Structures are given as structure tokens and as C-alpha cells.
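Numbering (the UniProt record's numbering), first residue to last: 1 to 397.
Here it is in C-alpha cells:
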């Protein structure tokens, strides 16, 4: 790949643009290799090896094995200053790819259907650009290549291994197929939701369907819980504070005429603010207690808080928006928050942070994330390199 220094351009914005364009073919090639060899959460050994090899080639010192398969590289600026972390995720999804692309997944049942292959190489491009702009930086850049975002466990694992020690600010990003290539975006404040999960096992007493009076029916109790859980949002949460309660699995019973001993439900709760999160959890716990009293069942609830809401810091956000506007000549669009979740929130819970939305929609397509046919436009890679590199340069100016 061509370095920024080789371009002979002095003005930072033009240097970044020229470097990103020169790097684009090589980054796309690496992306296609990673895409063809997807790895699930905490299995990203091959991908992490590619990252480490590229950082070594660039002469960027780095640590491996953080959070099991994470990698962090470090670029020292020319003057003292804060440490800015830029994070990319590396894991794929348990989805069978159906794109028919020549570089489609070679691993049965696994696919980069969320564009983390795009994220990984975008940050590799940022690494090369910022390496050559390092004398202009006042501070240090930490390049965080994170595993296991899809299970919402990778950031916490890296933090537990000390990966975030010394961070002062953090910058995240995600490709958005609902935005065309060339557009960027953001949301103020809570931009992504907290994600919590629960398993509920309702135990009754099995019996013959012809004699329900001698049994305790957990299916009826489970159906009652599903209906009542929707009132958490409609009747307990402030209507101007978004929340979603979803039951994703309801399993129980074996045949027509037997009342089963137990049923198992799985669900998620998503909220944008801590108060609503508390209300939702308390309500679900109370509903379970009510089932025990009203329907004579036993409820075993395992409620797990996973990640907090991702809150964009106003000061970091304003710097990033100004930098991206200056670099791309087009201001990022302010949008609404999403009820999706992202464990970059773990870093944002420690230091001021911001997540940038980078358009990846290909012309004539209407792709969605987590879809077996997902095909982001690779033109988003050099644009992402430009946006993130300029943001880092301005933040550490």
C-alpha cells in the first residue's frame, strides 16, 4: 500500500484524501479475504493475525490476545496530549451467506453480514494514514480491533484485560446500508439502546389435557406473561422514552394431549435511558411474581444486563462533525437514535465518546444488516478512512 508521505501533498485534508484513495484497492483485497473466512465471537484468530501482521508491516507497536482475540495498536504523536481510541469490531454472524459473490464465505453457516470486515480494514487504513501524520498529532492514538461485538461481550472482555487503560476519549463507527455511500451521520445523546436479556422457565405440573384440574398449565402462564410483558412499554414506561420488550422464543410441550411440566421463554429488553431500564426490569420481575400467585406456577427468571445505552458526548461529537464536514465537504446528517445495541457503549461508559455512521448502501440496492444477502459498497472503506483520520487529526490537534 502507498503511504501518505509518498503523495507529496502538504495540506492535511488533501493528504488524507490522496492516501485513502491509494490505499483503497489493497484494503478491499484484505476485506475480501476476511469476508471469505468469517469467524464468530472469540474465534477471530485468523482475522486478528491479519491485523497484527499489517500493524507489524506498518511498524506500529501493538498488543495481541486482549479480550482473548483482540488487538490494540499504538501511534505516538509528535507532541504530548490525550489518548484517543478508535475501535473496529472483527466478528462475523452465524448466517449462511447467499450473496453469490466470488469472495463469499467459505465457511458453512458463517458470514460477515454486519460489515465488520469493512470495519476492520477501514481501521487498518486509518492506521496507515495516521502513522504518517503522527508528527502532527498532540497525543496518542489507540487502534482497537475488538472481538465478539455480536454477542455484546468483546468490549467488556478487552476492558477486563486492561485494554482501555489510559484512554481519554473514544471514537467508534458503523457502516449503514440505509445511507448511500458518501453520506455520514450521527445522533445526539443516547444513540443506541441498552440491551438486556432474560430467560424465564415457568414450571407447572404436567397432566392429561382431558383433566386440566389435576394439572398446573405452564403454557397458559407463559401466554399470560407474553401478553402482560407488552404492558411494560404501553403502561409503565414514560411514552416519550423509547423501550422495546420482545419475546424471541417460547418453547414447551411435546404433543396434543399432554400439559407439560415446564416452558422456557427467552426475551430482550431495550431502553435508551437508565431510568427506563430500571422500570422495565422491575416490571418483568413483578409480572413473574404475579404469575406464581395467580396461576400457581413457579418462575425461575434469569435477567441479565448486557450493555448500557451508547451515549454520544457532545464535545467529542461536535469535533467529529466539524472534521468530517471539512474532509468530505458534506456535513454528517443528524438522525434519530436506534433501538439496536452496540458494545462500544462499554468504552463510552468509561470515557467521552462518539459513534459515527458511515453510509455503505450500494446503488440500486436496499440491503439490511444481519441479512444473508448483505452487500455493502466497498467505496465506503476509503471514505471511512478519510472521515476517521481527519477526526483523529482534529481531536488531537
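Note that CB positions come from ideal geometry on N, CA and C, so glycine has one too. All of these numbers come straight from a predicted model, not from anything done at the bench.
What's the gap between the Cα of residue 148 and the Cα of residue 245?
If you take the alpha carbons of residue 148 and residue 245, they lie about 24 Å apart.
Residue 5 to residue 137, Cα distance in whole Å?
Its pLDDT being 41, under 50, residue 5 is placed unreliably by the model, and the measurement read from it follows with that caveat. As the crow flies, the alpha-carbon of residue 5 is around 15 Å from that of residue 137.
Alpha-carbon to alpha-carbon, residue 177 and residue 358
Straight-line Cα distance between these residues: approximately 9 Å.
Distance, residue 134 Cα to residue 7 Cα:
For residue 7, the predicted structure reports a pLDDT of 40, less than 50, and the residue's modelled location is therefore unreliable. The matter cannot be settled from this model.
Which value, in whole angstroms, describes the spacing of the CA atoms of residue 193 and residue 33?
One Cα belongs to residue 193, the other to residue 33, and the distance between them is close to 32 Å.
Using the Cβ count rule (16 or more neighbours within 10 Å means buried), how would you classify residue 10?
The pLDDT assigned to residue 10 is 49, lower than 50, so where the model puts this residue is not dependable; a value taken from the coordinates is nonetheless given after this. The residue is exposed, with fewer than 16 neighbouring Cβ atoms inside 10 Å.
Check whether the Cβ atoms of residue 66 and residue 150 sit closer than 8 Å, and answer yes or no.
No; because the gap between Cβ atoms is not below 8 Å, this pair is not in contact.
DSSP bridge partner residues for residue 184 (one or two, in chain order):
When DSSP reads this structure, residue 184 sits in a beta bridge with 358.
Per-residue DSSP class, three states only, for residue 10
Since pLDDT at residue 10 reaches only 49, below the 50 mark, its modelled position is unreliable, and the value read off the structure follows with that caveat. Of the three classes helix, strand and coil, the one that applies to residue 10 here is coil, per DSSP.
Beta-bridge partners of residue 333, as assigned by DSSP:
DSSP lists 185 as partners of residue 333.
3-residue-minimum beta strand (DSSP E) runs that sit fully inside the segment 281–329, ordered along the chain:
The segment 281–329 contains these whole beta strand (DSSP E) runs: 298–307 and 310–312.
Please confirm whether residue 91 and residue 54 have their CB atoms less than 8 Å apart.
Not a contact, by the Cβ cut-off of 8 Å.
Quick check on DSSP: helix, strand or coil for residue 259?
When secondary structure is reduced to three states using DSSP, residue 259 falls in the strand class.
Euclidean distance between Cα positions of residue 18 and residue 182:
Rounded to the nearest angstrom, the two C-alpha atoms are 16 Å apart.
Taking the C-alpha atoms as reference points, what is the distance between residue 288 and residue 43?
If I take the Cα positions, the gap works out to 37 Å.
Per DSSP, which one or two residues make a beta bridge with residue 73?
According to DSSP, which records beta bridges pairwise, residue 73 is partnered with 62 and 143.
Less than 6 Å between C-beta atoms, sequence neighbours within five positions excluded: which residues of the same chain meet that for residue 214?
Taken in chain order, the residues that qualify are 207.
Spell out a yes or no on whether the segment 154–166 and the segment 338–352 are touching, meaning 3 or more CB-CB pairs, one atom from each, closer than 8 Å.
Between the segment 154–166 and the segment 338–352, the count of Cβ pairs shorter than 8 Å is three or higher; the stretches touch.
Out of 367, 389 and 365, which has the shortest C-alpha to C-alpha gap to residue 321?
Of the listed residues, the one whose Cα sits closest to residue 321 is 389.
Given residue 380, which residues of its chain have a CB within under 7 Å of its CB, disregarding the five upstream and five downstream residues?
Excluding residues within five positions, the ones whose Cβ falls inside 7 Å are 118, 175, 181, 358, 359 and 360.
Note down the Cα distance separating residue 48 from residue 200, rounded to an integer number of angstroms.
Taking the straight line from one Cα to the other gives about 36 Å.
Starting from the Cα of residue 223, find the closest Cα among 195, 262, 45 and 84 and give me that residue.
It is 262.
Where residue 282 and residue 52 are concerned, what is the direct C-alpha to C-alpha distance, given to the nearest angstrom?
Distance between the alpha carbons of residue 282 and residue 52 is about 45 Å.
Can you tell me whether residue 370 is helix, strand or coil according to DSSP?
Coil.
Helix, strand or coil, according to DSSP, for residue 338 in the structure here?
Strand.
Contacts around residue 106, its chain only, beta-carbon distance under 7 Å, and the 5 residues preceding and following it disregarded
Excluding sequence neighbours, residue 106 sits near 36 and 37.
For residue 304, collect the residues of the same chain with a Cβ closer than 6 Å to its Cβ; drop the 5 residues on either side in sequence, then sort them by chain order.
Around residue 304: 197.
I need the boundaries of the alpha helix (DSSP H) containing residue 81, first residue and last residue.
Per DSSP, residue 81 belongs to no alpha helix (DSSP H); it is in the beta strand (DSSP E), 79–89.
Return the CA-CA distance between residue 270 and residue 338, expressed in angstroms with no decimal places.
Those two C-alpha atoms are separated by around 10 Å.
Taking C-alpha atoms, which residue in 78, 56, 83 and 225 lies nearest to residue 351?
Here the closest residue by C-alpha is 83.
Give the list of continuous alpha helix (DSSP H) stretches no shorter than 4 residues that lie fully inside the segment 94–175.
List check, alpha helix (DSSP H) in window: 116–133 and 154–160.
Residue span of the alpha helix (DSSP H) that contains residue 51, given as start and end
Looking at the DSSP string, the run of the alpha helix (DSSP H) that includes residue 51 is 45–57.
Under 8 Å: do the segment 219–234 and the segment 291–311 share three or more Cβ pairs, one atom per stretch?
In short, these stretches touch, since the Cβ pair count reaches three.
Kindly identify the DSSP beta-bridge partner or partners of residue 203.
Beta-bridge analysis with DSSP links residue 203 to 262 and 298.
DSSP three-state label for residue 233, please.
Three-state DSSP puts residue 233 in a helix.
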